[in-house]
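Reading through the structure tokens given below for one structure.
Listed below in structure tokens is the structure:
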């Protein structure tokens with residue numbers, strides 16, 4: 001490996017010889033002295049080179065100065081010189097007096113995006129856009145969040161799954177389904193790991209989790225949708241109702257948010273002015289019907305024919321919860337059977353409602369959870385009532401015919417959690433490479 | 001949640017009332033006493049019920065006995081009764097004297113697979129096959145292995161990526177590519193995260209990892225291939241050569257194997273008779289040309305026209321390494337440029353060899369790693385020499401035009417590692433749901 005000091009470690013290093021490697025953020029090419037701001041994955045530092053002059057003030061041969069003048073923004077290089085602490089230097093209180101530059105790859109001088117470039121142009125040049133400290137931090141936060149979740153799962157004896165993304169049939173609905181040419185036949189991309197994470201239940205796995213891609217051929221262009229997204233899924237056995245799933249969900253979010261706050265709270269506050277709040281448990285729970293009444297009392301009538309909430313209704317109920325309980329999360333529970341998939345269990349004694357919930361975070365839905373119907377004869381009836389052919393679902397229904405425990409779980413959109421945690425305006429900012437109806441590149 | 005004791009915790013529990021939940025493994029329905037072996041995700045326990053008789057020896061009304069007699073293998077239930085320690089009981093030294101059964105879902109009595117069912121039939125009924133303790137353990141080992149790797153990465157400041165699996169073009173070769181209908185155009189499934197994990201380098205992410213699916217439209221039916229597999233990828237900046245990648249790779253494997261040995265070593269030994277060996281570092285490194293000479297000296301001439309090794313050659317060199325160095329791993333290094341992708345860096349001064357390696361574990365290739373060519377003009381020439389059109393790769397070549405650090409990494413097949421660690425005969429056993437040319441179900 002190149003011998004280098006990570007830039008974030010320079011303030012704690014002692015004065016003397018130092019090498020750093022990174023890319024050129026800015027060059028200030030002044031008459032008497034040159035400054036380069038070099039950034040690596042951990043921070044930025046000022047490199048300085050006083051130009052060489054003879055005693056009479058005439059410029060001397062100065063190859064290093066020429067090299068600095070020729071540096072294009074974005075060029076990756078290793079810089080060596082003398083580290084010096086100087087509290088007048090705003091950038092970390094240190095600078096490096098340059099002795100040599102070793103250029104790894106020179107950048108084309110014209111940078112295709114600027115600070116004011118529009119979102120689509122930024123996505124065209126995502127690898128440059130990601131050089132921004134904010135964007136880098138988003139993915140370090142993602143890393144911390146996921147690792148905290150996985151650590152919770154592993155410490156609680158969950159099994160990690162990688163379910164197949166190639167399927168012989170739809171997992172959710174026949175709409176929004178991508179078709180794949182598969183040798184002499186065709187396959188479909190998994191819209192969720194639903195069937196296969198449930199399969200772990202009759203398999204006797206007990207508690208499972210998966211973090212992986214899901215695909216929706218959804219033609220919408222909202223700030224919350226993508227055709228490919230990272231789905232965070234968990235499923236557990238021997239629940240009594242969706243209440244048990246919500247408890248798991250809460251504990252997981254607390255573990256994740258606590259880890260993010262501990263590791264990145266100060267940076268998040270500095271870069272976005274956002275304070276990460278570790279949620280208190282239990283999160284508020286409001287049955288959907290009551291939530292609609294509350295929203296109506298606030299003067300908003302959800303303009304939908306079905307029984308569902310809409311995005312503005314979710315914002316309204318979130319505002320109510322924030323005002324009333326000072327909480328950023330709310331479980332909306334007991335959705336109507338008419339707007340839930342056939343595999344959600346319905347209330348005992350009231351077929352019109354399900355043992356299900358949506359989790360709203362800062363006004364946007366981030367997750368759907370439910371107890372699953374595990375009684376195969378009931379499941380078949382529910383599938384029929386949704387207009388599905390049980391024959392097509394036979395491989396799935398088999399999971400229930402040879403014994404299965406009561407179970408439930410949730411699926412959650414990773415990028416939505418990040419977007420709402422950091423108050424970003426669009427899921428695209430929280431996705432490494434966004435995929436939408438007109439976006440397959442880079 | 002159902003109040004239950006995990007079966008593995010029964011031996012340490014005190015005698016008295018206990019409830020366990022799981023599925024019926026066997027029923028021994030004897031005249032005087034009935035035995036049920038119930039299994040959950042953690043183990044198995046014997047439930048016992050002495051049939052009821054009047055003093056004169058005539059049978060009494062005994063609804064519990066009737067319920068037990070009616071139990072089908074696979075039925076999921078909660079059993080309550082009195083826990084009793086009894087060292088004569090082979091299964092954990094405990095049994096539960098039954099008081100009640102609460103059936104969650106009764107199984108169809110005819111079980112579609114038996115102990116001697118063939119592999120394909122087992123895959124048809126994978127959720128039943130997974131109930132076997134060995135199969136359950138495979139995925140608990142997978143969980144431990146992955147978590148150890150991720151912990152290593154996170155503690156070493158790697159960023160976790162989720163790169164898109166939908167692409168506008170091929171990432172590896174135009175052969176073995178799945179095509180997806182994508183709105184008014186078409187997309188391809190990622191054969192590897194190669195381009196996008198490299199993109200993190202000009203993005204300034206430094207060190208990254210990803211565990212996610214990769215797709216190959218490979219029509220082969222070997223014990224090592226699947227059309228969808230879980231790829232373990234890592235990529236790092238500022239390397240001097242592939243040697244730096246191999247060092248990372250070794251450290252990661254040591255961390256993973258140490259965690260598996262510590263947590264599951266005894267179970268693995270008990271179930272498979274396999275001792276997990278934490279590899280010593282450095283792993284042996286043998287240039288491919290030398291490996292071919294060694295194999296030839298052992299009497300095996302690799303029957304290939306190109307410069308590559310073949311599976312038997314890999315077994316032979318692994319046997320040599322085991323005999324000579326007592327090591328299960330070997331890096332074969334410096335593959336010929338002719339058999340490596342265009343993006344592998346070639347030797348300084350010898351265009352015919354690459355800064356690359358394959359990692360062989362117990363005789364089978366589990367990974368390919370390399371230093372990547374980061375000099376765009378060299379990269380363009382190498383692409384052309386492979387018959388590729390630089391125009392089609394333009395979005396990828398752009399990653400190198402605006403500055404990029406020297407970098408390298410590897411991709412590794414998760415199921416192959418598990419298969420070889422546990423001495424399984426087929427990757428299908430180490431895959432939750434296998435996908436092959438004729439296998440899309442369940």
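Residue numbers (the UniProt record's numbering), protein chains in the order written: chain Z, 1 to 442; chain X, 1 to 442.
Every residue gets a Cβ at the ideal spot worked out from N, C-alpha and C, and that includes glycine.
Legend entry - Own chain residues within Cβ distance below 7 angstroms of residue 83 of chain X, not counting five before or after: 10, 13, 15, 16, 18, 94 and 96
Legend entry - Inter-residue Cα distance where the pair is residue 166 of chain Z and residue 212 of chain Z: 13 angstroms
Legend entry - Spatial distance of residue 407 of chain Z from residue 238 of chain Z (CA atoms): 6 angstroms
Inset, instruction - Residues of the region 119-140 of chain X with a CB closer than 7 angstroms to any CB of chain Z: list them in chain order, please. - result: 127, 128, 130, 131, 136, 139 and 140
Inset, instruction - Could you run through the region 49-77 of chain X and flag, in chain order, every residue whose CB is less than 9 angstroms away from some CB of chain Z? - result: 72, 73, 74, 75, 76 and 77
Legend entry - Unbroken alpha helix (DSSP H) run spanning residue 113 of chain X, endpoints: Here residue 113 of chain X belongs to no alpha helix (DSSP H), and DSSP marks it neither H nor E.
Inset, instruction - Within the region 163-225 of chain Z, note down every full beta strand (DSSP E) run reaching 3 residues or more, in order along the chain. - result: 179-182, 185-189 and 207-215
Legend entry - Where the beta strand (DSSP E) through residue 329 of chain Z begins and ends: 329-333
Inset, instruction - Mind listing the chain X neighbours of residue 271 of chain Z? Cutoff is C-beta to C-beta under 7 angstroms, in chain order. - result: Within chain X, no residue comes near residue 271 of chain Z; the closest Cβ sits about 16 angstroms away, beyond 7 angstroms.
Inset, instruction - Give me the Cα-Cα distance between residue 227 of chain X and residue 343 of chain X, rounded to the nearest whole angstrom. - result: 23 angstroms
Legend entry - C-beta neighbour in chain X for residue 146 of chain Z, strict 8 angstroms: yes
Legend entry - Sequence-distant residues of the same chain with beta carbon closer than 6 angstroms to residue 329 of chain X, five excluded per side: 279, 283 and 361
Inset, instruction - Tell me where the alpha helix (DSSP H) around residue 357 of chain X begins and ends. - result: From DSSP, residue 357 of chain X is part of no alpha helix (DSSP H) but of the beta strand (DSSP E) over 356-361.
Legend entry - Beta-carbon proximity list for residue 197 of chain Z, same chain, < 7 angstroms, skipping 5 on both sides: 161, 163, 208, 210, 233, 235 and 409
Inset, instruction - Below 7 angstroms between beta carbons is the criterion; list the residues of the region 364-385 of chain Z that meet it against any residue of chain X, in chain order. - result: 374 and 375
Legend entry - Cα-Cα separation, residue 178 of chain X to residue 261 of chain X: 38 angstroms
Inset, instruction - For the beta strand (DSSP E) containing residue 125 of chain Z, list its first residue and its last residue. - result: Segment: none, residue 125 of chain Z is in no beta strand (DSSP E) and carries neither H nor E.
Legend entry - Exposure label - residue 187 of chain Z; buried when at least 16 CB within 10 Å: buried
Inset, instruction - Please determine if the region 286-293 of chain Z and the region 322-341 of chain Z are in contact, where contact requires at least 3 C-beta pairs separated by less than 8 angstroms. - result: yes
Inset, instruction - Could you please give the first and the last residue of the uninterrupted alpha helix (DSSP H) stretch that includes residue 338 of chain X? - result: Counting along the chain, residue 338 of chain X falls outside any alpha helix (DSSP H), and DSSP gives it neither H nor E.
Legend entry - Unbroken stretches of the beta strand (DSSP E), 3 residues or longer, contained in the region 362-432 of chain Z: 364-371 and 407-413
Legend entry - Straight-line Cα distance separating residue 339 of chain X from residue 158 of chain X: 30 angstroms
Inset, instruction - Give me whichever residues DSSP pairs with residue 233 of chain X in a beta bridge. - result: X:210 and X:411
Inset, instruction - Using three-state DSSP, classify residue 443 of chain Z as helix, strand or coil. - result: There is no way to answer for residue 443 of chain Z, as the model of chain Z reaches only from 1 to 442.
Inset, instruction - Can you pull the chain Z residues whose beta carbon is under 8 angstroms from the beta carbon of residue 446 of chain X, in chain order? - result: Lying before the first or after the last residue shown, residue 446 of chain X is absent from chain X, which here runs from 1 to 442.
Legend entry - Through-space distance from residue 136 of chain Z to residue 470 of chain Z, alpha-carbon basis: Chain Z is shown only over 1 to 442; residue 470 of chain Z falls outside these bounds and no answer can be derived.
Legend entry - Own chain, CB closer than 6 angstroms to residue 81 of chain X, minus 5 neighbours either side, in chain order: 96, 97, 98 and 99
Legend entry - Every unbroken beta strand (DSSP E) inside the region 271-301 of chain X [3 residues or more]: 285-287
Inset, instruction - Within the same chain, show all residues whose beta-carbon is closer than 8 angstroms to that of residue 325 of chain Z, passing over the 5 residues directly before and after it, in chain order. - result: 284
Legend entry - Extent of the continuous alpha helix (DSSP H) to which residue 69 of chain X belongs: 63-69
Inset, instruction - In the DSSP assignment, find the unbroken alpha helix (DSSP H) run with residue 76 of chain X in it and report its ends. - result: Where residue 76 of chain X is concerned, there is no enclosing alpha helix (DSSP H), although the beta strand (DSSP E) it sits in stretches over 76-85.
Legend entry - Range covered by the beta strand (DSSP E) that runs through residue 27 of chain Z: 16-29
Legend entry - Of the residues X:391, X:48 and X:244, the one placed nearest residue 30 of chain X, counting alpha carbons only: X:48
Legend entry - Proximal residues, the region 383-417 of chain Z versus chain X, C-beta separation under 7 angstroms: 395, 399, 400, 401, 402, 403, 404, 405 and 406
Inset, instruction - Compile a chain-ordered list of the residues in the region 249-268 of chain Z whose CB is closer than 7 angstroms to at least one CB of chain X. - result: none
Inset, instruction - Could you check how far apart the C-beta atoms of residue 41 of chain Z and residue 206 of chain X are, in whole angstroms? I think they sit under 8 angstroms. - result: 3 angstroms
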